[in-house]
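Residue numbers for the sequence shown follow the working numbering, beginning at 1 and rising by one.
Structure first, commentary second.
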Amino acid sequence: MKGVPFLVLLSLFIVVLIPGCATHTPTPAEEWYKKGYSLYSSGNYEEAIVAYDKAIELNPGYSAAWYGKGKALSVLGRNEEAIVIYDGIGAWEAKGDVLEKIGRYEEAIAAYEKAVDLDPSFYRPWYKKGGALKAMGKYQEAITAYDKAIELDPGYAGAWYEKGEALEALGRDSESDAAYQKAGEFGYPRT
1 MKGVPFLVLL SLFIVVLIPG CATHTPTPAE EWYKKGYSLY SSGNYEEAIV AYDKAIELNP
61 GYSAAWYGKG KALSVLGRNE EAIVIYDGIG AWEAKGDVLE KIGRYEEAIA AYEKAVDLDP
121 SFYRPWYKKG GALKAMGKYQ EAITAYDKAI ELDPGYAGAW YEKGEALEAL GRDSESDAAY
181 QKAGEFGYPR T
């Protein structure tokens, strides 16, 4: 339980900073989301909620803003409000994460697909679906999921990197090298 705040902040870092590496003009909703994240990070939770609400007002399907608002509400002890928020996309994604962690990949994929159904424009469930497929050795299907994540967020370095691993597993070395290179361009060094 002690590692949960770190994982939340890491997730928010991935959601906010890595996509920002792409050459993409942020929408007003994204700008409000980034402001909310900054306020959250500096401990201004009430103000963060206001910023997240502005992002949600501009884009009601903006999953990351809903997630951020839920975290801020939870930190403030407004857990019942946070629970209501997490009944949607975040709940399915979190369920998928747990199922994947314990090796129940088919169920994890189904949970990620539920998250995608709720917000098809949110890249992260596509990325995570790719990870579960890759863990099952379904590399071509994983590549398709990573491609969708990349389509939704071209600057998401993690998706480029994982796509490279799936391509490498299929022996498609020149394509995997290109994917790794793209991941590196967006700040993900190959280890």
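Even for Gly, the Cβ is constructed at its ideal location relative to N, Cα and C.
Would you mind reading off the limits of the alpha helix (DSSP H) that contains D153?
Following the DSSP letters along the chain, one finds D153 in no alpha helix (DSSP H), marked with neither H nor E.
Looking only at its own chain, which residues have a Cβ that is under 6 angstroms from the Cβ of E175, when we skip the five neighbours before and after it?
L167
Option in Y105, D53, A179, L73 with minimal Cα separation from G137:
Y105
Between the Cα of G158 and the Cα atoms of Q140, Y139, P189, which residue gives the shortest distance?
P189
Local Cβ density within 10 Å of N79, reported as buried at 16 or more and exposed below that:
Classification for N79: exposed.
Are the Cβ atoms of P125 and A115 separated by less than 7 angstroms?
yes
Neighbourhood of I150 by C-beta, 6 angstroms cutoff - its chain only, sequence neighbours within 5 removed:
For I150, where only same-chain residues beyond five positions count, the Cβ hits under 6 angstroms are A159.
Sequence-distant residues of its chain with Cβ nearer than 6 angstroms to A72 (five each side left out)
Only Y40, Y45, A48, I49 meet the Cβ criterion.
Looking at I56 and G70, is the spacing between their C-beta atoms short of 7 angstroms?
no
C-alpha distance - A22 paired with W32, whole-angstrom precision
Per-residue confidence for A22 stands at a pLDDT of 48, beneath the threshold of 50, marking its modelled position as unreliable; the derived number appears in the next sentence. Roughly 18 angstroms separates the two Cα atoms.
Is it the case that the Cβ atoms of Y112 and K101 are separated by a distance below 7 angstroms?
No; because the gap between Cβ atoms is not below 7 angstroms, this pair is not in contact.
Using the beta-carbon count (16 or more within 10 Å), is G173 buried or exposed?
In the sequence as presented, Gly is not what sits at residue 173; that position holds Asp. Exposed.
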